[in-house]
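Okay, so here's the structure we're looking at.
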Amino acid sequence: MGGKAPSVIVTHQSSAMRVAIQHVPPNTIHRYCIWHIMSKLDEKIGHKEDAGKDIRSVVWGSTTEEQFESRWKSTITQYSLQDNGWLTEMFEMRVKWVPAYLSKFFWTGMSSTQRSKSKNAFLDMFVNSKTCLSASVKSFDSGLTFFTRFFSRLFVLSGSDDNPRTTIRGRIKGIKKNHYQWEKKLARHLCGQYSMAVAQANLYNEDRCQLVSGSLSTIAHNGPTGVFVGIYDGHGGDICSQFVLDHLFNNLKAAITNQQGYVDAMAIQQAYIRTENRFFSHVRSNWRLKPRLAAVGSCCLSGIVHNHVLYVANAGNSRAVIGKWGVGDENAEAVQLSIDYNANDQDRRNELLLEHHDDPDLFRVVNGSYCVRGRIQVTRSFGHLYLKSNEFNREPLEQEYRQERPIDRPILKAVPTVHTYQLEADDKFVIFASDGLWGNVTNEEAVSIVKGSPRSGAAKALLAEALNRASQRNNLEYHQLLNLPLIVKKTYHDDISIVILYFDN
Numbered sequence: 001m002g003g004k005a006p007s008v009i010v011t012h013q014s015s016a017m018r019v020a021i022q023h024v025p026p027n028t029i030h031r032y033c034i035w036h037i038m039s040k041l042d043e044k045i046g047h048k049e050d051a052g053k054d055i056r057s058v059v060w061g062s063t064t065e066e067q068f069e070s071r072w073k074s075t076i077t078q079y080s081l082q083d084n085g086w087l088t089e090m091f092e093m094r095v096k097w098v099p100a101y102l103s104k105f106f107w108t109g110m111s112s113t114q115r116s117k118s119k120n121a122f123l124d125m126f127v128n129s130k131t132c133l134s135a136s137v138k139s140f141d142s143g144l145t146f147f148t149r150f151f152s153r154l155f156v157l158s159g160s161d162d163n164p165r166t167t168i169r170g171r172i173k174g175i176k177k178n179h180y181q182w183e184k185k186l187a188r189h190l191c192g193q194y195s196m197a198v199a200q201a202n203l204y205n206e207d208r209c210q211l212v213s214g215s216l217s218t219i220a221h222n223g224p225t226g227v228f229v230g231i232y233d234g235h236g237g238d239i240c241s242q243f244v245l246d247h248l249f250n251n252l253k254a255a256i257t258n259q260q261g262y263v264d265a266m267a268i269q270q271a272y273i274r275t276e277n278r279f280f281s282h283v284r285s286n287w288r289l290k291p292r293l294a295a296v297g298s299c300c301l302s303g304i305v306h307n308h309v310l311y312v313a314n315a316g317n318s319r320a321v322i323g324k325w326g327v328g329d330e331n332a333e334a335v336q337l338s339i340d341y342n343a344n345d346q347d348r349r350n351e352l353l354l355e356h357h358d359d360p361d362l363f364r365v366v367n368g369s370y371c372v373r374g375r376i377q378v379t380r381s382f383g384h385l386y387l388k389s390n391e392f393n394r395e396p397l398e399q400e401y402r403q404e405r406p407i408d409r410p411i412l413k414a415v416p417t418v419h420t421y422q423l424e425a426d427d428k429f430v431i432f433a434s435d436g437l438w439g440n441v442t443n444e445e446a447v448s449i450v451k452g453s454p455r456s457g458a459a460k461a462l463l464a465e466a467l468n469r470a471s472q473r474n475n476l477e478y479h480q481l482l483n484l485p486l487i488v489k490k491t492y493h494d495d496i497s498i499v500i501l502y503f504d505n
C-alpha cells in the first residue's frame with residue numbers, strides 16, 4: 001500500500017484478520033460486515049419473525065450509542081433472548097458493526113463487504129468481464145463520475161424549471177439536505193396549480209416525475225395546449241425511467257402533430273410505442289458493452305389535461321386518483337382513473353394467461369407475491385427486454401436473468417390503457433403517484449389528506465403521512481426512518497413521487 005495504511009477496513013468476522021489489522025495498520029478503523037451478521041439473525045434466534053423485525057429496527061433505527069444499548073436490552077428481554085449466546089457475542093462486539101457506533105467515521109456509503117449488491121455491482125453496470133480494455137477505460141470513468149456525484153449528494157429528482165411559473169420539465173440537479181426529499185410546494189399550470197414531492201429510498205433515486213404546461217405539439221402557432229404529467233418508476237436502477245422522461249413527452253408532441261393537433265388516446269398510445277421502440281434500439285446499440293440494460297425497466301403513468309378532458313395512461317403499477325366533492329359536501333369522493341398492472345391482481349394474471357396459456361412457468365410466487373417468470377411483479381412496463389425478445393435473452397446477459405423457456409412473443413408490454421375523463425365542477429384535484437405511496441395509504445385516505453391540507457406543501461404532507469405509516473409499520477419513530485442511510489431505507493419504503501394537479505378553471 002505504498003507505506004500508507006488505509007483509514008478504514010470492512011471485513012467479515014475473521015479472528016485472523018482482526019489480529020492482522022491490529023498489528024499491521026494499528027490506527028485503521030476495523031468494521032465487521034453488517035450484512036453477514038444480519039443475514040444470520042433469523043437462524044440464530046430460531047426464526048422468530050417479530051423478534052427479528054424488532055432487532056433489525058433497533059440496529060438500523062438507533063442514532064446514538066445510548067439509544068442502541070437501551071433498545072437492544074429492552075428488545076432482548078421482551079422476547080426472552082437473554083440466554084442466546086450469539087446475541088450476547090454480537091452485543092459485546094457492537095462497536096465493530098452497529099451503525100450508531102461507526103457513523104462518526106467516513107465509510108463512502110459502505111457498511112458491509114456487500115458481495116452481491118456492492119459498489120462492485122454498481123460499477124459492473126459500466127464495466128464487466130466482457131468489456132474490452134479500451135472500452136473499459138471510458139466506461140469505468142463514466143461509472144466513477146456517477147459514483148462521485150452520488151457521494152456529493154448531487155442526484156437527479158425531477159427536471160429543470162423551463163418556466164418558473166408554469167413548468168417543470170427534464171431534470172433538476174441539486175444538493176438535497178432534507179433526508180433525501182425534495183418538493184415544489186406550489187406553482188401554476190395552465191388550468192390551476194400543482195404541488196410535487198419526492199422521497200428517495202434507493203441508493204440512487206429510481207423514480208422520475210415530470211410536469212409540462214404549455215404546447216402539446218410541435219406546431220409553432222395555434223397548436224393544442226394543456227398540461228402533461230409523467231410518473232416513471234424505474235426497476236433495477238434509473239436508466240429506463242430517465243430514458244422515458246427524456247423521450248416520452250417529445251414523442252407525444254410528435255404523435256399529436258401527426259394527427260393535425262388532435263389529442264386522443266391513439267396519440268398517447270403511439271407515444272408509448274415509439275418510446276419503447278427507441279429503448280429497444282438503445283439497448284441493441286449498447287448490447288455488447290452493457291448487456292444489463294436489457295434487464296432494467298420502468299413503469300409509466302401519464303396524464304394530459306386538454307379542453308376540459310383528463311386523459312390518464314398507465315403501463316405499470318403507479319396510480320392516478322381524482323378527488324371530487326360538491327357544494328356543501330363534507331366528504332370527498334376518491335375515483336381511481338388507472339389500472340394497477342400488478343401480478344397479485346387475479347384479473348391482471350388472467351390477461352397474461354390468455355396470451356400465454358401454454359407457459360406453465362408464467363407466474364411464480366416469490367416472498368409471498370406473484371411475479372412474472374419469478375422476476376418482476378408488474379405485468380406492463382417499459383424495458384425488461386429479456387422478457388420481450390430472445391434477442392436479449394442470451395449471453396452476454398447475466399445468467400440470473402436469462403430464461404430457460406424461449407421468449408417466442410413478448411410477455412410484458414408497454415402499451416398503456418388510456419382512461420378518458422370529462423372534467424366537471426366537482427373535480428377538485430388529481431393525485432399522480434408511484435406505487436411507493438399507494439403501498440402506505442388508500443385512495444380515500446390520500447384524497448382526504450390532500451383535501452384537509454393547504455395547497456402549498458400538500459404533496460409533502462401526503463408524502464409525510466406515507467413515511468409516517470411506513471415507520472409505524474416497522475416499529476420506528478418517524479425521525480429514525482428519515483435518518484436511516486439510503487442503503488437501508490429501501491427495506492422500509494420505496495422511492496415515492498407525487499404530483500397533485502388542482503383544477504381552477
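If you're matching positions, the sequence shown starts at 1 in UniProt numbering and goes up one per residue.
Every residue, glycine too, gets a C-beta built ideally from N, C-alpha and C.
Quick test of your reading: residue i and residue j, contact by CB under 8 Å. State the CB separation rounded to the nearest angstrom.
i    : j    : result
A334 : V447 : 4 Å
L248 : A267 : Not a contact, Cβ separation roughly 12 Å.
V415 : Y204 : With a Cβ gap of about 29 Å, V415 and Y204 do not count as contacting.
Y311 : V418 : 6 Å
R31  : W72  : Going by Cβ atoms, the distance from R31 to W72 rounds to 18 Å, so no, they are not a contact pair.
S434 : I231 : 5 Å
T28  : D54  : So it is not a contact: roughly 33 Å between Cβ atoms.
G226 : I304 : 6 Å
G261 : P224 : 5 Å
K460 : A197 : 4 Å
L427 : K324 : Before going on, a small fix: residue 427 reads as Asp here, not Leu. Confirmed, Cβ separation roughly 5 Å.
T63  : C33  : Actually they do not touch by this definition, with Cβ atoms about 21 Å apart.
P406 : N390 : 6 Å
R274 : Q242 : That pair is no contact at about 17 Å.
F429 : Y502 : 5 Å
E465 : V441 : 6 Å
L412 : V372 : 7 Å
Could you compute how far the alpha carbon of residue i sits from the alpha carbon of residue j?
i    : j    : result
I498 : E89  : 45 Å
L81  : F91  : 12 Å
H493 : G61  : 14 Å
N443 : T77  : 40 Å
S57  : Y79  : 14 Å
H308 : P454 : 24 Å
W182 : E477 : 21 Å
L463 : I500 : 11 Å
N468 : N474 : 10 Å
S285 : L482 : 40 Å
V244 : E43  : 43 Å
V450 : V283 : 40 Å
V327 : A425 : 10 Å
N84  : R94  : 15 Å
P318 : W86  : In the sequence on display, residue 318 carries Ser and not Pro. Rounded to the nearest angstrom, the two C-alpha atoms are 43 Å apart.
A265 : T420 : 8 Å
K490 : D358 : 36 Å
D246 : L385 : 19 Å
L186 : A458 : 8 Å
L352 : E276 : 19 Å
What are the start and end residues of the alpha helix (DSSP H) that includes residue i?
i    : result
W60  : 49-61
G436 : 435-438
Y101 : 99-102
K73  : 65-78
A265 : 265-285
Y478 : 478-482
For residue i, which residues does DSSP report across the bridge?
i    : result
V418 : A313
N342 : V378
C240 : The partner list for C240 (beta bridge, DSSP) is empty, contrary to what the question assumes.
T196 : The residue you asked about is not Thr; residue 196 is Met in the sequence shown. Answer is K184, V499.
I431 : V321, I500
F249 : F249 is not bridged to any residue.
T11  : Y32
Would you give the residue range spanned by the beta strand (DSSP E) that residue i belongs to?
i    : result
I231 : 225-235
E92  : Unbroken run through E92 is the alpha helix (DSSP H), 85-92; no beta strand (DSSP E).
Q336 : 333-336
I29  : 29-32
R319 : 319-324
V488 : Element bounds for V488: not the beta strand (DSSP E) but the alpha helix (DSSP H), 486-489.
I304 : 297-306
R409 : Where R409 is concerned, there is no enclosing beta strand (DSSP E), given that its DSSP letter is neither H nor E.
L211 : 207-215
S369 : 369-372
**Request:** Check whether the region 346-361 touches the region 230-242, counting contact only when three or more Cβ pairs, one atom from each stretch, lie closer than 8 Å.
**Result:** no
**Prompt:** Between the region 366-386 and the region 290-299, do three or more beta carbon pairs fall short of 8 Å?
**Reply:** yes
**Message:** Taking contact to mean 3 or more Cβ pairs, one atom from each stretch, closer than 8 Å, check whether the region 284-296 and the region 392-403 are in contact.
**Reply:** yes
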